[in-house]
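For the record, the sequence lines run as chains A and B.
The opening position of the first sequence corresponds to residue 1 in this note's numbering, with each subsequent residue numbered one higher.
The opening position of the second sequence corresponds to residue 1001 in this note's numbering, with each subsequent residue numbered one higher.
The beta carbon of each residue, even a glycine, is placed where N, CA and C say it ideally should be.
Fair warning: this is a prediction, and the values are worked out from it, not measured in the lab.
Before any comments, here is the structure.
2 protein chains.
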Amino acid sequence: MSGPSTHEDWSDAQEEIMQATYHALLDHGYAGLSISRIADELDKSKASIYYHYDSKDDLLLTFLRYAVDQFLSSIDTETGGDPYEDLEHVIEKVLPLRLDEDEDQIHSVVFGLRGQAVTDETFREQFTEIDDRLAETLRTVIQRGIDDGRFRDVDVDRVTEHVVATINGAMYGRVTTDRSATVPAVRVSLLSYLDAELRRE
Amino acid sequence: MSGPSTHEDWSDAQEEIMQATYHALLDHGYAGLSISRIADELDKSKASIYYHYDSKDDLLLTFLRYAVDQFLSSIDTETGGDPYEDLEHVIEKVLPLRLDEDEDQIHSVVFGLRGQAVTDETFREQFTEIDDRLAETLRTVIQRGIDDGRFRDVDVDRVTEHVVATINGAMYGRVTTDRSATVPAVRVSLLSYLDAELRRE
DNA sequence: GTCTATATAAGGATAGAC
DNA sequence: GTCTATCCTTATATAGAC
Chain A
1 MSGPSTHEDW SDAQEEIMQA TYHALLDHGY AGLSISRIAD ELDKSKASIY
51 YHYDSKDDLL LTFLRYAVDQ FLSSIDTETG GDPYEDLEHV IEKVLPLRLD
101 EDEDQIHSVV FGLRGQAVTD ETFREQFTEI DDRLAETLRT VIQRGIDDGR
151 FRDVDVDRVT EHVVATINGA MYGRVTTDRS ATVPAVRVSL LSYLDAELRR
201 E
Chain B
1001 MSGPSTHEDW SDAQEEIMQA TYHALLDHGY AGLSISRIAD ELDKSKASIY
1051 YHYDSKDDLL LTFLRYAVDQ FLSSIDTETG GDPYEDLEHV IEKVLPLRLD
1101 EDEDQIHSVV FGLRGQAVTD ETFREQFTEI DDRLAETLRT VIQRGIDDGR
1151 FRDVDVDRVT EHVVATINGA MYGRVTTDRS ATVPAVRVSL LSYLDAELRR
1201 E
């Protein structure tokens, strides 16, 4: 998660605070997040946090963008090959059978925050962006398949929205329920759906 | 939402506290929920809440079950007719083009709480139950369609999980993003998918 | 059952030393 | 930049009157 050059021009202290916030969220959830608990995950005091951020809100806003960027990176997929294989790669990337620890933490934190979007406009904008990005990737691949003549001339937006919803529902189920059969079933079913819907006979 | 006999044998005061909690959640979200804010939505004092509940946790647990029950009622659908029409009815019930105010509030509160399931086992159990129930309804209808010979002999669990994920993703998108095109697109696409996947030629 | 008043802790934020 | 100490507000929870 913290590999080399994770974030632009930030100081080490700022990066450490973001990581501490990550861990505080994993331990206590958003509702239980406090500056004290972030400091507990840090080898620094509460006051030092206020040197870097004006307020808890300021920190949270910065963190939200930080987490969203990490999430977007984690689901980013190279496309441009065979359109159907591209779709396979996207699905494999967003719904791997097994998430490694870092990915699992990113998903947990991001989906743990997403509920805030119901009552907070700032959060909603971020999650709108996440879904827009995923949709854009899918739409581009599908459209290219149609233009190439490899896919049938379907309603691109309709198929795209269907796939985005299914992917989100499966990711969401993974982190908020104990229904472990969901992800494997959806992976298979989604590919079968795309094959039937898009591929020319 | 509060029609006649909403909840078993509760006192009026308890029902009022549940409703106040509802509104406090809509106004402030789960992270901003406090006993004071619940009391503000009530024409009673903070202390009166502690007469009915031992602690905030006790109240929250009761409320979680209350909200989950309301949500389950709101998506409950009569089945037993033509299997394909039953599926149409379920989708129409969980993904109506327009939610009335009460339904919208139930969805907002329930999805606002669901993020807690990431870090809280008690919450996760409730959302596992919600998804299990929806899956059970769908699985039963699809299985009956197969047994009747109206549907093809598909992998029932695979199709069921796909539909549950898609429905959840669409409901989730509705309350956590500004992407208003999702629900209408998914409704259409889901029915088209089920038609292609299930119906005998 | 509900109220006012209050005890006690935790949380956000700042002052001032180093 | 980071620390300790502290201020003020909010929060959970209880005591005791009505």
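Residues near residue i in its chain [Cβ-Cβ closer than 6 Å; skip 5 each side]
i, result
"H1107/B", "V1175"
"G1145/B", "P1083, F1151"
"L134/A", "V164"
"R139/A", "V156, T160"
"D1086/B", "T1079, V1141"
"D1147/B", "none"
"V183/A", "L95, A170, R174"
"L194/A", "L87"
"H7/A", "none"
Residue i at chain A interface by Cβ criterion, 7 Å
i, result
"G1081/B", "no"
"Y1022/B", "no"
"Y1050/B", "no"
"Y1193/B", "yes"
"E1101/B", "no"
"R1158/B", "yes"
"R1133/B", "no"
"Y1030/B", "yes"
"S1108/B", "yes"
"T1077/B", "no"
"K1056/B", "no"
"G1112/B", "yes"
"T1140/B", "no"
"V1068/B", "no"
C-beta neighbour in chain B for residue i, strict 7 Å
i, result
"V186/A", "yes"
"T119/A", "yes"
"T122/A", "no"
"A165/A", "yes"
"D9/A", "no"
"S189/A", "yes"
"L198/A", "no"
"A47/A", "no"
"Q116/A", "yes"
"T172/A", "As written in the sequence, residue 172/A is Tyr, which differs from the Thr given in the question. So, interface residue."
"D40/A", "no"
"D153/A", "no"
"H162/A", "yes"
Three-state secondary structure (DSSP) of residue i
i, result
"R1179/B", "coil"
"R1158/B", "helix"
"R1199/B", "strand"
"Y53/A", "coil"
"G1112/B", "helix"
"K1046/B", "helix"
"L33/A", "coil"
"P970/B", "Since the first residue shown for chain B is 1001 and the last is 1201, residue 970/B is missing from the structure and cannot be characterised."
"E41/A", "coil"
"H7/A", "coil"
"D1058/B", "helix"
"D82/A", "coil"
"R1098/B", "coil"
"T1166/B", "helix"
"D120/A", "coil"
"D1076/B", "coil"
Cβ neighbours of residue i in the same chain (closer than 8 Å, five flanking residues each side left out)
i, result
"F1111/B", "M1171, Y1172, V1175, T1176"
"R1200/B", "G1149, R1150, F1151, R1152"
"S2/A", "Bear in mind that the predicted position of S2/A carries a pLDDT of just 43, short of 50, making it too unreliable to give a figure here."
Beta-carbon separation (whole angstroms), residue i vs residue j, contact threshold 8 Å
i, j, result
"I1142/B", "V1094/B", "Not really, about 16 Å apart at Cβ, beyond 8 Å."
"A1196/B", "D157/A", "The Cβ separation is near 18 Å, so there is no contact."
"L1113/B", "A1067/B", "7 Å"
"L198/A", "V154/A", "6 Å"
"E161/A", "S1189/B", "7 Å"
"E1088/B", "L1191/B", "6 Å"
"L178/A", "R1124/B", "According to the sequence displayed, residue 178/A carries Asp and not Leu. The pair is a contact, with the Cβ atoms about 6 Å apart (cut-off 8 Å)."
"L61/A", "T119/A", "No, L61/A and T119/A are not in contact; Cβ-Cβ is about 16 Å, not under 8 Å."
Beta-carbon contacts of residue i that lie in its chain and below 7 Å, excluding the five residues immediately before and after
i, result
"F63/A", "M18, T21"
"H52/A", "A13, Q14, I17"
"L72/A", "I130, R133"
"F127/A", "R114, A117"
"I35/A", "K46, I49, K56"
"E1103/B", "S1074"
"L1033/B", "A1024, L1025"
In DSSP terms, what residue i is bridged to
i, result
"F1151/B", "R1199/B"
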